[in-house]
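In what follows, a structure is listed as structure tokens, so that the remarks can point back to it.
Chains as they are written, first to last, in the UniProt record's numbering: chain A, 1 to 332; chain B, 1 to 332.
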């Protein structure tokens, strides 16, 4: 049996070109004892993958040039030499960017048992959802009634962060770009503020108008002027959870940081970076809390879907154009 | 009786000129019930006072134009209408920048009872010492054996931070400017690194050489390239206590921040600003721990002293030239 998969053969500088990604085909070896063959049904593309393309070890190993790219995926076991995963089992694993994945059983997870579409385990009940939850609760230590600001608020992580924050009360403000995203945020009861055509001072003024008392929590996905404006609007004792800084991922030369970091001092505020994998032991707690909200439809788990393996690089590149509302997925 | 005191009549931009400070004289009113008159013997000048000269409320009210400047001082009660502070009592209070202070008794503190020179309560056993201790222990949560980096390491706060860190083990590195300061740090068993004539990359390389494993704690007094280099050398889970950013206090236009804030994410690090006054409830614990170390001479509490009230502005301005080793004081 053959597997079709994407590779890269060079480390991109700046925004990657579509041509960076090569679709290749290889004959799979016979299954070894303990291995499983999975037909993928959904692939995840995520901003953090850009970092893995740069050839540098950050908190995760870089992608190997010429080898199949990796990423979260959902699929069905079609051949198995592992007792725990018989044919027909639905699984989640990291063998994405391909149609057929062949993996040792210890790299597979059974899907949890909620009444939700299976791709939810790549989004609202997967890594992005867990990231939103861990950042708010475990890093920013959000309290009942806190005012919360979220950048990238219509993205996979941000859209869940605003909703989880909203459920705990306080004023919740989301920063996004397009009118479509702003409207969607407002429909969720979130105050939506655009960063488009604004400098940091103008964004600061808009945030102050949306929430004059300032923010107890800032959930950071973007960096750039969002961070600078957020620093200006912190309350005393505020906590910033740094989940990502997508504004910078494609920079060949890093741009300067905010000139107002001293606000951390003036507001006795805390800014903390985190990686969701460090918090994975709490995934069951997250599922228990958020799973029922997704089942009941109380959480709006918007998705943006591209169809077909061939479109995987396009889906990935759209993340940096802000083209997705909610989780960006590829359906096979 | 007359009091001589310093005032400012304008808000300085950039580095203040000596001419900003006016020495004025006023006849003191008769003592009201509950008031005390103090002849100051030692005045403190501290970097945070620069912020109070800008006319903007940060975490503390600005100085009032034309009114006596304020700051920590030690003195002797020479006239009293308050039972708790009879004539002859040695006290600490915030009526500095003057020779005779007249204050309500509730603004006075008795000096603690250690066998140390009284000016120690403006330095090693006063606000700067407490700042070093609180930043290391309560903000950075320093653990036994942590590697610790301190900027402004020969200043009033930094020189105590390096010594308190040293006492808990691990590699301690201090950043300073002049050769005299570097030599002094080395004499304390601290690895001294100069920031002079270096850019952020060169300072990063020098820090990596001094402590190849990287730092668990960064005690930040300076900002600028010190912060940028420190971010490059953090270990996973590092904590940055932001005590001050003296490099920026005289900037008319704030300079850009570090372009590598994403290191907080990569190293899952935390950066937290603090104000010592928020932690003052722990002052007795600090005294109990650090007082005996000063009495016994185990802590080197270096001082830089200017003589005479007239020299107070000069002492203050020297802080920004890096002219002091240890606490900068004025002796009256």
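Yeah, the Cβ is synthetic: ideal placement off N, Cα and C, and Gly gets one too. Source: prediction; values computed, not measured.
Limits of the unbroken beta strand (DSSP E) element including residue i
i              : result
residue 104(B) : 100 to 104
residue 149(B) : 148 to 151
residue 175(B) : 172 to 176
residue 93(B)  : 90 to 93
Strand pairing of residue i, partner residues [DSSP]
i              : result
residue 43(A)  : 73(A), 330(A)
residue 25(A)  : 4(A)
residue 304(B) : 328(B)
residue 273(A) : 242(A)
residue 290(A) : Looking at the DSSP assignment, residue 290(A) forms no beta bridge with any residue, so it has no partner.
residue 79(A)  : 37(A)
residue 257(A) : 257(B)
residue 155(A) : 326(A)
Residue range of the unbroken alpha helix (DSSP H) whose run includes residue i
i              : result
residue 334(B) : Outside the displayed span of chain B (1 to 332) sits residue 334(B), for which this structure offers no information.
residue 159(B) : 158 to 167
residue 49(A)  : 49 to 52
residue 312(B) : 312 to 318
residue 263(A) : 263 to 266
residue 230(A) : 224 to 232
Coil, strand or helix - residue i by DSSP
i              : result
residue 58(A)  : coil
residue 196(A) : coil
residue 216(B) : strand
residue 188(B) : coil
residue 110(A) : strand
residue 18(B)  : helix
residue 235(B) : strand
residue 30(B)  : coil
residue 144(B) : coil
residue 298(B) : coil
residue 118(B) : helix
residue 280(B) : helix
residue 182(B) : helix
residue 87(A)  : coil
residue 221(B) : coil
residue 252(B) : coil
residue 65(B)  : coil
residue 209(B) : helix
residue 13(A)  : coil
Residue closest to residue i, alpha-carbon to alpha-carbon, out of the options
i              : options                        : result
residue 139(B) : 290(A), 281(A), 265(A)         : 265(A)
residue 148(A) : 239(A), 172(A), 108(A)         : 172(A)
residue 308(B) : 302(B), 55(B), 316(B)          : 316(B)
residue 294(B) : 124(B), 310(B), 4(B), 252(B)   : 124(B)
residue 166(B) : 298(B), 178(B), 252(B)         : 298(B)
residue 56(A)  : 204(A), 10(A), 260(A)          : 10(A)
residue 141(B) : 34(B), 126(B), 161(B), 157(B)  : 161(B)
residue 53(A)  : 240(A), 6(A), 117(A), 311(A)   : 6(A)
residue 216(B) : 232(B), 203(B), 201(B)         : 232(B)
residue 228(A) : 252(A), 202(A), 243(A), 321(A) : 202(A)
residue 105(B) : 159(B), 84(B), 156(B)          : 84(B)
residue 276(A) : 12(A), 135(A), 39(A)           : 135(A)
residue 344(A) : 44(A), 29(A), 43(A)            : Since the first and last residues shown for chain A are 1 and 332, residue 344(A) lies out of range.
residue 129(B) : 211(B), 183(B), 154(B)         : 154(B)
residue 79(B)  : 177(B), 94(B), 103(B)          : 103(B)
residue 70(B)  : 324(B), 323(B), 51(B), 267(B)  : 51(B)
residue 262(B) : 230(B), 250(B), 253(B)         : 230(B)
residue 110(B) : 199(B), 145(B), 94(B)          : 94(B)
residue 204(A) : 190(A), 330(A), 224(A), 187(A) : 224(A)
residue 250(B) : 15(B), 145(B), 4(B), 226(B)    : 15(B)
residue 81(A)  : 319(A), 222(A), 190(A), 35(A)  : 35(A)
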